[in-house]
Amino acid sequence: MMTAMGTIHQLIRQHGKENAKLYAEPDEKHLVDIAAEVMAGEREDLGWAYTGWAFTALPHKRISDDAIWQREIGQVTLTISPGHLPGKTRSEVVKVGVPFGAHARLVMLYLQTQAIRTNSREVEVGRTMNAFLERIGVAPGGKTRASVSEQLRRIAASTVMFSWQQTPDSAPGFMRQTIIKGGQLGVRMTDDTQDALWEEHIVLSEDFYDNLRKYPIPLLEQAIRAIGASSLALDLYVWLSYRLHSLTKP
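The sequence shown begins at 174 in the numbering used here and counts up by one.
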């Protein structure tokens with residue numbers, strides 16, 4: 174039986190990294206280096222994600238704006254549905270499809286990380302688009318700005334539902350929630366020489382924020398930046414990080 178990750182952290186605090194390896198089991202000595210690297214961040218270089226994203230994933234490519242996205246997770250089905258948001262005026266309503274791709278995942282990681290760091294459901298998106306992109310490790314540019322803006326709107330509009338069925342004859346159960354409860358979204362363009370200004374903030378839904386606080390996964394921002402162009406690599410990294418921090422046996 175392997176020592177729990179929390180015990181490895183305790184060994185490092187008490188004995189230092191090298192001596193902690195003397196107390197660790199042979200098959201977990203490699204975890205000491207990883208744990209020490211994470212602890213050394215304390216905690217400015219750490220990102221955070223909700224544990225549920227280790228088992229679920231957004232689409233890798235764009236699907237029809239009218240389409241729902243479904244994924245089977247054992248005995249549970251994840252359904253992400255498109256929604257509606259205000260258009261250019263408060264009375265205009267536009268249909269918005271489900272989020273997809275690497276930029277959607279980076280936006281999600283940014284929102285979750287800021288919520289954990291600030292201990293608040295309200296997340297500042299950034300005074301300028303460049304500042305926001307820099308914080309999630311994406312090189313700014315015209316197409317990138319538009320893509321990130323679109324994915325944030327898609328995340329805000331979407332509804333997430335988990336459904337399950339205990340037996341073939343039983344009625345399905347379900348739990349539905351949104352990720353973002355509200356806020357001010359969109360980009361105000363001034364002119365070609367000026368930065369695009371984001372509206373000020375979004376507010377995470379209570380359910381999503383509570384789950385994030387109860388079940389977070391720590392992620393190294395350096396790793397996120399290194400693989401940020403690949404949605405598949407980001408999904409795999411979140412899953413591996415979950416496995417690392419929940420591992421109790423080989």
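All residues carry an ideal CB built from backbone N, CA and C; glycine is no exception.
For Val267, I'd like the list of residues in its chain whose CB is within less than 7 Å of its CB, leaving aside the five on either flank, ordered along the chain.
Within the same chain, Val267 has close Cβ partners His257, Leu258 and Gly260.
Which residues share a DSSP beta bridge with Ser336?
Beta-bridge partners assigned by DSSP to Ser336: Thr250 and Phe347.
Hey, could you find the ends of the beta strand (DSSP E) Ile328 is sitting in?
Per DSSP, Ile328 lies in no beta strand (DSSP E) segment; the continuous alpha helix (DSSP H) that holds it begins and ends at Gly315 to Ala330.
For His374 versus Glu297, is the C-beta spacing smaller than 8 Å?
Contact check for His374 against Glu297 passes: the beta carbons are separated by less than 8 Å.
Does the distance from the C-beta atom of Pro272 to that of Ile328 stay below 8 Å?
yes
Give the C-beta separation of Ile397 and Leu282 to the nearest angstrom, bearing in mind that I take them to be a contact with Cβ-Cβ under 8 Å.
Correct: roughly 6 Å between the Cβ atoms.
Can you find the residues in the same chain that come closer than 7 Å, C-beta to C-beta, to Phe228, ignoring five residues on each side of it along the sequence?
Ile246
Cβ-based burial, Leu385 [other Cβ within 10 Å; buried from 16]
buried
May I have the straight-line CA-CA distance separating Leu393 from Ile400, to the nearest angstrom?
11 Å
Can you list, in chain order, the residues of its chain whose CB lies under 7 Å from that of Ser404, leaving out five sequence neighbours each side?
His233, Gly274, Ala275 and Arg278
Do the CB positions of Val376 and Arg326 come within less than 8 Å of each other?
no
Proximal residues to Gln395 (C-beta, below 6 Å), its chain only, five neighbours per side dropped
none
Look at the alpha carbon of Leu443 and the alpha carbon of Tyr223, and state the distance between them as a whole number of angstroms.
Limits of the chain in this structure are 174 at one end and 423 at the other, which puts residue 443 out of reach.
Please report the straight-line C-alpha distance between Ala330 and Glu191, rounded to a whole angstrom.
49 Å
Quick check: the Cα distance between Pro341 and Arg235, rounded to an integer number of angstroms?
Distance between the alpha carbons of Pro341 and Arg235 is about 33 Å.
Pull up the distance between the alpha-carbon of Gly220 and that of Lys387, whole angstroms please.
15 Å
Under a three-way DSSP split, which group does Val298 fall into?
coil
Quick check on Ser419: buried or exposed, where buried means 16 or more other Cβ atoms within 10 Å of its Cβ?
exposed
What's the gap between the Cα of Thr421 and the Cα of Trp412?
The predicted position of Thr421 is uncertain, since its pLDDT is 46 and thus under 50; no value can be drawn from it.
In chain order, what residues of the same chain have a beta carbon less than 8 Å from the beta carbon of Val280, not counting five sequence neighbours either side?
Pro272, Ile309, Val321, Gln324, Leu325 and Ile328
So, at 6 Å on beta carbons, what are the nonlocal neighbours of Arg294 in its own chain, with the 5 sequence-adjacent residues on each side left out?
The answer, listed in chain order, is Val376, Leu377 and Tyr382.
Local conformation of Val223 per DSSP, three classes:
What sits at residue 223 in the sequence shown is Tyr, not Val. Correct three-state label for Tyr223: strand.
Per DSSP, what kind of secondary structure is Ile390 in: helix, strand or coil?
strand
Which residue from Lys354, Ser336, Ala344 and Pro391 puts its Cα closest to that of Leu251?
Ser336
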